[in-house]
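Beneath this line is the structure, given in structure tokens, with notes to follow.
2 protein chains.
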Amino acid sequence: MSTNRALQKEQTRQSIIEAALGQLSADKSFSNLSLREVAREAGIAPTSFYRHFNDMEELGLTLVDECGVTLRQLMRKARRRIEKKGSVIKISVDTFMEFIQQNPNIFRLLLRERSGTSSAFRDAVAREINHFKDELTHYLIEESNYEHEQAYTLAEGLVTLVFNSGAEALDLSRNKKMQLKQRLIKQLQFIVIGALTMRKRQNNGN
Amino acid sequence: MSTNRALQKEQTRQSIIEAALGQLSADKSFSNLSLREVAREAGIAPTSFYRHFNDMEELGLTLVDECGVTLRQLMRKARRRIEKKGSVIKISVDTFMEFIQQNPNIFRLLLRERSGTSSAFRDAVAREINHFKDELTHYLIEESNYEHEQAYTLAEGLVTLVFNSGAEALDLSRNKKMQLKQRLIKQLQFIVIGALTMRKRQNNGN
DNA sequence: CAATTGAGCGTACAACTGTACTCTTAACTA
DNA sequence: TAGTTAAGAGTACAGTTGTACGCTCAATTG
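Here the protein sequences line up with chains A and X, keeping their order.
Residues 16 to 221, numbered by this note's numbering, are exactly what the first sequence covers, in order.
Residues 16 to 221, numbered by this note's numbering, are exactly what the second sequence covers, in order.
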């Protein structure tokens with residue numbers, strides 16, 4: 016198996032990926048990136064793009080996957096912090112907000128393609144979000160003895176609230192962002208306590 | 016003031032709007048609609064478009080506004096149904112789901128432009144969603160004696176959950192949609208009961 | 001009725017797009 | 001070392017886009 020050649024190829028592949036990520040912004044979504052623009056930014060001829068991806072879509076899906084990996088790593092880090100003690104809700108929210116603060120463009124990619132034009136994209140993003148729901152579901156089952164269906168419903172609600180506040184936080188001032196975060200934490204508390212309360216009532220046959 | 020001429024103009028204006036709405040679908044978002052496509056569909060010359068809108072963006076904002084009006088009318092209808100009695104949560108959810116069932120494309124427009132490329136769009140959509148939050152906030156204050164801040168936080172959470180489930184419901188089968196709706200209702204109950212519970216605790220000085 | 005207005009059309013153009021095809025040349029293989 | 005492979009460049013083309021400009025001609029106005 017080759018070393019030098021494959022290595023060079025991998026490098027330009029990476030430069031394509033970085034070029035694409037670098038062009039994403041509040042005013043430029045992936046779907047209005049053109050193959051030529053990306054190639055230009057990556058320093059290759061437009062036609063050379065095809066040596067690495069068949070499509071812009073194929074490149075996009077790669078970005079989504081990479082983003083998912085990064086996010087999951089981050090949440091693992093968050094869980095470690097929780098084990099060392101601290102409020103589950105606050106630490107999770109802090110972690111998430113930290114991520115979108117530092118990677119606004121890749122988070123925008125997720126947001127946009129979640130309801131975007133390509134079903135392959137939509138599916139990919141849905142898959143990433145489902146990872147979150149599933150992990151949280153397991154956490155709730157293990158830590159708080161929830162039954163699966165209840166746990167999933169609860170997890171889904173929590174993830175929805177967090178993800179959405181992330182979306183709104185993108186454009187806000189530091190001040191408004193703080194307020195939003197406070198409200199988010201309250202909403203998460205509401206839903207957690209609500210679920211607990213309903214479970215108690217059910218157990219008491221009430 | 017003219018009658019005939021202005022009327023004709025209004026008619027082709029409407030045909031532009033309908034053309035645009037007609038072209039929106041799961042696979043075609045407003046931002047990849049071209050002026051020429053819309054003009055073609057509306058049966059006018061590309062350049063005639065400018066007699067009615069300066070921009071595609073101006074057309075888009077019009078669509079968002081129209082969508083907002085429709086939605087608010089619908090929610091008023093829902094409130095009337097509630098006054099004649101019934102579960103607040105269930106009726107609201109039914110109403111909302113009915114809307115996106117019957118107007119999936121215009122709802123997709125809202126979803127997409129919510130985190131889209133144009134800040135004018137984002138603002139417009141945010142404004143529409145805020146209408147919902149505000150109306151619900153007032154409702155909670157009047158009907159359940161919430162204090163304003165708590166009411167707003169609660170309303171925001173509820174609206175977020177509903178709006179988001181709407182987004183997910185778009186692509187689901189009838190069956191999955193029912194399940195989603197069930198979970199949504201549970202999540203709304205969680206959050207409402209959680210808020211009530213926390214308020215009680217606070218009042219008991221607990 | 002004569003003059004004005006303005007919605008809509010047609011032409012034209014420069015900019016940009018994706019991609020088919022051919023060529024180069026450095027890295028690999030045997 | 002001679003032959004093969006494949007990444008990347010260059011050219012070319014047909015298609016689409018927004019929009020500037022000038023024209024037409026029916027409705028409106030005075």
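A virtual CB, placed ideally from N, CA and C, is assigned to each residue, including glycine.
The three-state secondary structure of K215(X), taken from DSSP, is helix. The beta carbon of G58(X) sits closer than 7 Å to the beta carbons of S30 from its chain, once the five residues preceding and following it are set aside; these are given in chain order. In the three-state DSSP reduction, S40(X) falls in the strand class (E or B). At a cut-off of 9 Å, the C-beta of Q202(A) has a neighbouring C-beta in chain X. Between L176(X) and T110(A), the C-beta spacing is not below 9 Å. Taking a contact to require three or more Cβ pairs closer than 8 Å, the region 141-149 of chain A and the region 70-90 of chain A qualify as touching. Looking only at S40(A), A35(A), E56(A), K92(A), the smallest Cα-Cα distance to E73(A) is reached by A35(A). For R216(A), the closest of N218(X), R216(X), F205(X) by C-alpha to C-alpha distance is F205(X). Here Y161(A) carries a coil assignment [DSSP, helix/strand/coil]. Membership of L76(X) in the alpha helix (DSSP H) is indicated by the continuous run 71-98. Using a CB distance cut-off of 9 Å, R123(X) counts as an interface residue toward chain A.
Judged by DSSP in its simplified three-state form, I106(X) adopts helix. At a Cβ-Cβ threshold of 9 Å, M71(A) and K196(A) do not count as neighbours. Residues of chain X whose Cβ lies closer than 7 Å to the Cβ of T168(A) are, in chain order, R198, K201, Q202.
In its chain, beyond the 5 residues on either side, I104, V108, L173, L176, V177 have a beta carbon closer than 8 Å to the beta carbon of L203(A).
Using a CB distance cut-off of 9 Å, N69(X) does not count as an interface residue toward chain A. DSSP places S130(X) outside both helix and strand once states are collapsed to three, so it counts as coil. Counting C-beta atoms within 10 angstroms of its own C-beta, L199(X) has 16 or more neighbours from the protein chains shown and is therefore classed as buried.
Identification of chain A residues near I206(X) by a Cβ-Cβ cut-off of 8 Å yields G172, Q202, F205, I206, G209, ordered along the chain. Nearest neighbour of Y154(A) by Cα position, chosen from E98(A), N219(A), T212(A), N69(A), turns out to be E98(A). DSSP places L187(X) outside any alpha helix (DSSP H), giving it a letter other than H or E. Note that the region 180-196 of chain X does not touch the region 183-197 of chain A; fewer than 3 beta-carbon pairs, one per stretch, sit closer than 8 Å.
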